[in-house]
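Protein chains in written order, with this note's numbering: chain A, 23 to 1133; chain B, 1228 to 1509.
Have a look at the structure below, then the notes.
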Amino acid sequence: MTTAQQESVLIPLIVADDSETRNTPLGKICRDLSESELRKECTALDAFWRASDNLYERVRALFFLYAIHRFYLPAVLSTKDPGLLSFEAFEKFLERRFAQSIEILLEEERTSGLSDTLCSSFAQTYYQLGLQNLADQVRRSVRTLRGNQWMFRTGQAHEHPLRVRKELLELSETGTFPVIHEKTAVRMDLSHSSWSDIFFLGMDYPEGARVLNISVDLAVRGRDETPRPPVEACFRVIDRPVIRLVSVDLEASAEITDLADMFHFAKDYLGLLKGALIAAGVVPIAMEGSRQELGDLLERLVGPGRGIELVSCVNNIPKGSRLAVSTNLLGGLIAACMRATGQAKSLSGPLQESERRIVAARAILGEWLGGSGGGWQDSGGVWPGIKVIEGSAAGEEDPEFGISRGRLLPHHTLIGNDLVSGETRQKLQDSLVLVHGGMAQNVGPILEMVTEKYLLRSESEWQGRRESIALFDQIVNALKGGDIRLLAELTTQHFFGPLQTIIPWATTYFTERVIDAAQEEFGDKFWGFLMLGGMSGGGMGFFFDPSVKEKASDRVLEIMLEQKRQLQKSLPFAMDPVVYDFLVNEHGSASKLKKGDEAMMPPGYYAMVMPELIKRDSRTLSPGIKAEMDLFARRRKTGKDFKGTTTKLLSNLFSSNGESKEAEAGLDDLLDLHGFDPLQHQQIREDMQQGLLGLSKNRLSLNSQIEDVRDDDVAMAERDITESDIEAGKAALTNGEVAVVTLAAGAASRWTEGAGVVKALHPFCKFAESHRSFLEVHLSKTRRVGRENGAWPAHLVTTSYMTHEPISDYLDVRNGFGYEGKLSLSLGRSIGLRMIPMERDLRFLWEEMPQQVLDERAQKMRESLRTALIDWAKSQGEGSDYRDNLPLQCLHPVGHWFEVPNLLLNGTLAGLIAENPNLKTLMLHNIDTLGADLDAGLLGLHRRNGDCITYEVITRRLEDRGGGLARINGQTRLIEGLAMPRESDEFKLSYYNTLTSWIDIDQLLANFGLARADLGDMDKVSRAIREFGVKLPTYITIKEVKKRWGHGQEDVFPVAQFEKLWGDMTAVPGVNCGFVVVPRSRGQQLKEQAQLDGWLRDGSKAVVEELCDFG
Amino acid sequence: MKVSTAIITAAGRTQRKLPLQTLTDREGQAQTVLRLFLDELRDAGIDKIGVIIRPGDRQVYEEAAGDLSETLTFIEQTEPLGYGHAVHCAKEFTSGEAFLLMVSDHLFVSDDPEQNCAQQVIEVAEAQESVISAVQSTHESKLPYFGAVAGKLFEGQPGLYEIEKVIEKPTPTVAEQELMVPGLKLGHYLCFFGMHVLTPAIMDLLGQGLATASEQNPLQLSPAIAALANRERCLALELKGRRYDLERQFGLLMGQFAVALDGKHRDELLEGIIELLAQARR
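Written as structure tokens, this is what we have:
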């Protein structure tokens, strides 16, 4: 150990044997350390992680380094030098070469000193390196698990050691092969695990990783007759040398003849089935890229001329149920494949315990192959009934021994009827209403937050985890004691207590409103709430007195539907909520070997595949297919299961495109309504198709000279605002000379990953005990300023075709949050129609622009998907109109530049001036810049400098990508990231654009060639704006848009659109612009939900809350 | 323990023709495969040999054995109830003594110039007074063809293991979990060689399994050896030698090469092979 390591006060927290020291919160020590002490700790920790062989020590040191750079060092840094980002380090970061990136940053620190900017780079890089270490270890553990290793070394078909069992090769008299029909439960986590089923938690803290996991059968209430195992998988031999994959629910099928396609996961919707065949060893993973023939492999497995068919069916259980449907489907498929190849002993009945464990390990492998991942309890549906799943310490025999304290795979203890009686099981079923709230969620960031907080032993979160562990025992005891009411109280206590202490974002506004409504309606007959999965809003449970359960099931559905109707513009919903009826499944994954006339696939399979077969010339059908068609024809008449199949089959046979015609008409109406300019659209489309517009054309000329600004190019708010500026600002506010313009026309594509909700209305965080939307927060800041200055500033909210009605309704229902001043909406009169992107633009975006390389499998998945999307663009027609989605998803706002001219075009500004001729200044800000308010000092400074527009900028952090403040060929101006001639240019720039800007109304009008008196002359205003608009560049951008289908399924497509941006006003000759550096807490934008936790913890939220007055 | 009795099983549906094939032996003489087996057994000191055959095969086997046919006892397996049943058919013939069991669908080539494969097995069995199964470290891709064992080194003797587990034709998934033996190359397992010295107790164990045996559910030998290992010490011996599965594609050809390359016409054969390779069209 080096001297620095010996002197460190933080390393003992990592290496201590006693749990008290090990569990000391990092914050408790760091908040009292000075800058130099913290930097010494960083030096010691950096040396420590490099020297340690132990996964836990390494990862914990890396997360300590992250936290120090993210939360503690920036607060005590003595330097005010903004610092620059290192392009070289950033490149390595994107390539996932995090360790190299850190080397470069350390060198930078040695030569230029530590700055806030550099801290942000360190923080993100250490964080990612920590996660990379964790992910690598999970993979290594899965790979080194005995039973899985051979699949990683069987690279040749002739070496393949598996054979399909001979029972499956025997043709029946009717000409069909037997079918293995595997049925698998899904799992419900009755305790909620406090996310302790994250692999790393189980591996590092096995004694704290415990869940109460129940296998359940499901029925969608009102649709299905009775609950049944939701997951079905079928395996059989077929008489063609292909691998045939069929997903009944996704209505997708493929016949694979090329081995490479087995590893092309995103080519179709059959990635899960491919993953199952690979994880089960039927197609060993080592064959990826081996250029082996699929026919040779099949000959080895099933003999010459034969192939394999694998079918999946989840009986239309909607996606996102938080019941681990996809993991259990993967488990069921793997189990069927293992039975077929003799890796599981029995062809029918349940699995043996050792086989279940292999299935679970392979499901993890399969998820990794598909670039996703769940928790270690997720394959619980493979086990029967009720069980406690716990982390277990790694023994000498385990591959994890010496690397982590616990094993990758947990231990399952079945809880039999002796401990939880049949009567209790019935009582649970009679009380619990299981639902899917319908919200679309990405729980990935939450799982990362949990891991981070655990590693840092953050004080309140660690306390929360301990409480959660104590509650777990009480929950198990309540169930064993048959006291469901107590159980419900405990799960409710868990949700409102420890779970939200650990992750405040586990709750949602929607969830709490449904709980409140249930409470109000059912009083003491509503027993409690249960959150399932990573966060609430999707899978959830409501406990009721059994006497009202039937009624409550119906009412909960109605309540959820009503809430969804009210909130669907502000929260992302993937589907309508549903209620499930459920039964405890006492078998887990079990199969039946079906032979002869019984050897059939699930009914939905025939509804899907028969129409295509019927259309084919019968002479081209193989004997096996003909035999099966005969069998289907017989069973259709007599089989109970096949009731309704004929109707579905006929509907598939004569499917029409009526719905899409209706949607097209709706789109045209919307275009007309919102002032779509077809001529402008046609021109842009042609320019794009001809290559005159496009991603590469967004960029300034390579000859442009890009430099960082000089000190005298910017004002410093902290340094340059004088007392008299503040006084002048206050006087202007008191005199009603200022209004706020909140930009709220956008579709929040990053915030909800293309879900198309109104970001302004998203109740994203609790302030003063209640969930508040962005819009409410902005209004409350204006209220505070109004109250302080004795005059209520006007507050304008710009809207678009997409956001106007929802925002208008939202404010009406809430009476504008009682805002005392003028509150008005400015409806956008500009709209664009999205286009299918050009292949060259997609390639430019994906191949020429720097991209964050993903983890190995996720990267392969991404590449596979991108190939498929380029094929999609070509098949749809590059540059053609994008119309194949809901009408609102086909339209786009045309950039925030238009939102200011809209104030003139729609008369909003004229009206405001008419009411208040004192109005001189507008403060414009983006919806996600939460710290922006009518600061008197900044207003005074803007006035004193006399510029037309004063833009606020902040020092840059690694996450602040997308342009900045620069000297371009000598002119100080803002430049968008997409206009940078070279990626590296951005890294020369110290300041990042917040978009918050102070506008002098008269100067702006003058630049448009207008005066106040002209605002009533719409022709003149229109003409002036059109002429001015030509001076601004038109950018082509690629956005992601979601298309929803089926039962909660979502596809994401890249679409092209155009925009003009407000920052480009700084490039227009004659428009005087100034720039002021403001504190980060004021200028920080919240672009992604994953930022919320850091924003809360670094004190930014508290700063915003101070600015608010919620009335 | 003295081993002077041997059984050759040749009643398998797909294997029964293999011992009748003719190969060129180490001396350059044409011999049937059966005859090669008999020579190996005689050299190992076996004087009592029983051959398990299908009903009706006796005459062709007598012809294949040539002048040694009179020294053989032919035992018919009247029902196809599995390999274990075939062995059990020789219960009376072995008359309560330890015996050498040899399959007829493999050729055995010793790498020990002093001892053939049967001699190696018998010597250790007699020295240890124990059941011995000859095994060979086998790549996992060949697991579908063999029974495999797990065990630990016996008294530190290289190549000799005490059998702890026997699984017939395991999948690699099962093999990795249950049959890993320290010291073997990655992906290799101890698989049966096709030669065992067994004690009379095996006949009792096989007899117990016969009650449930059928054509669809044939009686295997491996489970009986696994059960035997629970009763008495059973050892696995890694032989100095190789086995060639005659039933597999090109099995006879490879067997022929192996035998001939082990004999006095080795150089001549090698020249022929090189010429063949040079002339072969791609």
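C-beta: ideal position from N, C-alpha, C; glycine also.
Bear in mind that the values here come from a model prediction, so they are computed numbers and not experimental data.
In the three-state reduction of the DSSP assignment, Tyr227(A) falls in the coil class. Take Gly1434(B), set aside five residues on each side of it, and the residues of its chain with a beta-carbon closer than 8 Å to its own are His1315 and Lys1318, in chain order.
Three or more Cβ pairs drawn from the stretch 1476-1490 of chain B and the stretch 1244-1253 of chain B lie within less than 8 Å of each other, which places the two stretches in contact. Boundaries around Asn948(A) are those of the beta strand (DSSP E), Thr943 to Asn948, since no alpha helix (DSSP H) includes it. Apart from the 5 residues on each side of it in sequence, Asp567(A) sits with its Cβ closer than 6 Å to the Cβ of Lys547 in its chain, given in chain order. Annotation: the continuous beta strand (DSSP E) that includes Glu974(A) extends over Ile971 to Thr977. Look at Asn45(A): its C-beta is not under 9 Å from any C-beta on chain B.
Proximity to Thr774(A) across Pro594(A), Ala739(A), Arg806(A) and Asp863(A) peaks at Pro594(A), based on C-alpha coordinates.
Annotation for Asn1029(A): the continuous alpha helix (DSSP H) segment containing it runs Ile1023 to Phe1030.
The beta carbon of Leu1308(B) does not come within 9 Å of any beta carbon belonging to chain A, so the residue lies off that interface. Annotation: Cβ neighbours of Gln1404(B) in chain A (cutoff 8 Å, chain order): Arg168, Gly169, Ser376 and Ile380. Counting along the chain, the unbroken beta strand (DSSP E) around Glu331(A) starts and ends at Gly329 to Cys335.
Linking Gln463(A) to Val336(A) through their CA atoms gives a straight-line distance of about 20 Å. Legend: CB atoms of the stretch 1356-1374 of chain B lying less than 7 Å from CB atoms of chain A belong to residues Glu1367, Ser1368, Leu1370 and Pro1371.
Beta bridge pairing from DSSP links Gly1096(A) with Thr972(A). Cα atoms of Val975(A) and Arg966(A): separation of roughly 18 Å, rounded to the nearest angstrom. Within the stretch 344-377 of chain A, those residues whose Cβ lies closer than 8 Å to any Cβ of chain B are, in chain order, Met360, Thr363, Gly364, Gln365 and Ser376.
DSSP, reduced to helix, strand and coil, places Ile748(A) within a helical segment of the structure shown.
Here Leu1370(B) is not near Pro1340(B), since their CB atoms are 9 Å or more apart. Runs of alpha helix (DSSP H) with 4 or more residues, each lying fully within the stretch 138-183 of chain A, are found at 138-166, listed in chain order.
Close partners of Trp172(A) in chain B (Cβ separation under 7 Å): Glu1367, Pro1399, Glu1403 and Gly1414. Setting aside the 5 residues that flank it on each side, Ala1033(A) is surrounded in the same chain by Leu1027, each with a C-beta closer than 7 Å to its C-beta; the list follows chain order. Asn350(A) sits buried, since 16 or more C-beta atoms from the chains shown fall within 10 Å of its C-beta.
Leu579(A) has its alpha-carbon roughly 27 Å from the corresponding atom of Thr825(A). In this structure, DSSP gives Gln1079(A) an extended state, which the three-state scheme calls strand. Taking C-beta separations shorter than 6 Å and ignoring five residues to either side along the sequence, the partners of Ser312(A) in its chain run Gly177, following chain order.
By the Cβ test, the stretch 1002-1017 of chain A is not in contact with the stretch 1060-1075 of chain A, since fewer than three Cβ pairs between them sit closer than 8 Å. Under the Cβ criterion of 9 Å, Lys1396(B) is counted among the residues facing chain A.
Here DSSP, grouped into helix, strand and coil, assigns Asn1015(A) to strand.
Here Ala288(A) really is in contact with Met883(A); their C-beta atoms are around 6 Å apart, less than 8 Å. DSSP places Pro785(A) inside the beta strand (DSSP E), whose first and last residues are Pro785 to Phe789. For Lys1123(A), the enclosing alpha helix (DSSP H) has its first and last residue at Ser1122 to Leu1129. Secondary structure of Phe285(A) (DSSP, three-state): helix. Close partners of Met1407(B) in chain A (Cβ separation under 8 Å): Arg168. No Cβ-Cβ contact shorter than 9 Å links Ala737(A) with Leu1017(A). Between Ile997(A) and Ile743(A), the C-beta gap is not smaller than 9 Å, which leaves the two residues out of contact.
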